[in-house]
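In what follows, a structure is listed as structure tokens, so that the remarks can point back to it.
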Amino acid sequence: MPNSRSAPSIFHFAIAFGTGGLLTLMILFNGTLAVYGSLFFASWVPHLMGTFAALLFLAILRPKRAMAKRPPLWAYLGGVSGGVTVILTSATVNTALALSGTIALGLAGQMIFSLIADAKGLFGLPQRMPSARDLCALALIMSGSLILIFFGGGL
Amino acid sequence: MIWFATLALLAGVLVSLSRQINGRLALSTSAMESSFWNHLVGLIFVTLLALAVGGLFAGEPTEAPWWAFVGGPVGVVFIAAGSWLIPRIGAAQTAMLIIAGQMVSGVVLDVAMSAPGEPWVRVIGVALILAGMWVARSGD
């Protein structure tokens, strides 16, 4: 049976919310690179610096491997998907969609695919069905986000 | 227009797809190792693409302020956190709460940097997001 009770603990909750804050910093830093250099440069530099930073963190933290068995090869390809995202958004941001339309549709695509993936248990991750309360919370957060995107002036 | 809208939607799908693939890798290895592979594979991909298309160092990249170069290490923590969260609270909860955090911190940053914007719109938007988070947390 899929796990339908999916309200996260306050600990997970705080980490996820703070992770969103990191995204704002990344947009500020990487977006500033794009002001001075090319779009490729603004994606290349954080990937390069990130690779070295991750090596350093791994050397310091030395995390244990969760399983002795190797994961499937496709599990190493998350970075390609992230790279294609940069190309797609830079292609649409200069059309009639503009930045606000690109961000809003991006959020929609992200949520729709996340809900499908949860319901089906895609990619070997735990299956779970969203509850009515989850969907209510989602509707409130998305409407607040869309108001900020289209009428907030910033972003 | 429909074509570009589809591309923008697809970009969002890929954000979620990438987080799920990295989450699957973290299940077998660790969140930080998953973040390392995400960055290394992404670096190879972007490098090959930039070599094929050209113009990687176009513009005045050396003029960028030093702090603009620290996005990479922040991204490492971002990817590691997403990979850690997704098997624990699911793809939808992870995406929803990251979006909430991004939007609220974006408003805080805009206010701190005195970016132009309608104060009432910001108050209503942030209030709706906080209400959504309260609904998600209530009834435990």
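One line per chain: the protein sequences are A and B, in this order. Using the working numbering, you'd call the opening residue of the first sequence number 1 and step up by one each time. Using the working numbering, you'd call the opening residue of the second sequence number 1001 and step up by one each time. In this text, a Cβ means the ideal position worked out from N, Cα and C, and glycines have one as well.
- With a threshold of 16 other beta carbon atoms within 10 Å, Glu-1118 (chain B) falls short and is exposed.
- Residues of chain A whose Cβ lies closer than 8 Å to the Cβ of Val-1070 (chain B) are, in chain order, Phe-29 and Met-49.
- Straight through space, the alpha carbons of Phe-41 (chain A) and Thr-1062 (chain B) are spaced by roughly 11 Å.
- Across the stretch 35-47 of chain A, CB contacts with chain B closer than 8 Å involve Val-35, Tyr-36, Gly-37, Ser-38, Phe-40, Phe-41, Ser-43, Trp-44, Val-45, Pro-46 and His-47, in sequence order along the chain.
- Assigned with DSSP and collapsed to three states, Gly-1059 (chain B) falls in strand.
- Considered as a whole, the stretch 1066-1107 of chain B harbours no complete run of any beta strand (DSSP E) with no fewer than 3 residues.
- Val-1123 (chain B) is classed as exposed because its beta carbon has fewer than 16 other beta carbons within 10 Å across all chains shown.
- DSSP places Gly-78 (chain A) within a helical segment (H, G or I) once states are collapsed to three.
- When DSSP states are grouped into helix, strand and coil, Gly-1023 (chain B) belongs to the helix group.
- Boundaries of the alpha helix (DSSP H) around Ser-1034 (chain B): 1031-1053.
- Sequence-distant partners of Pro-1087 (chain B) (beyond 5 residues in either direction) whose C-beta falls short of 6 Å from its own C-beta, in its chain, are Gly-1023 and Leu-1027.
- About 19 Å separates the Cβ atoms of Leu-1109 (chain B) and Thr-102 (chain A), ruling out a contact at the 8 Å cut-off.
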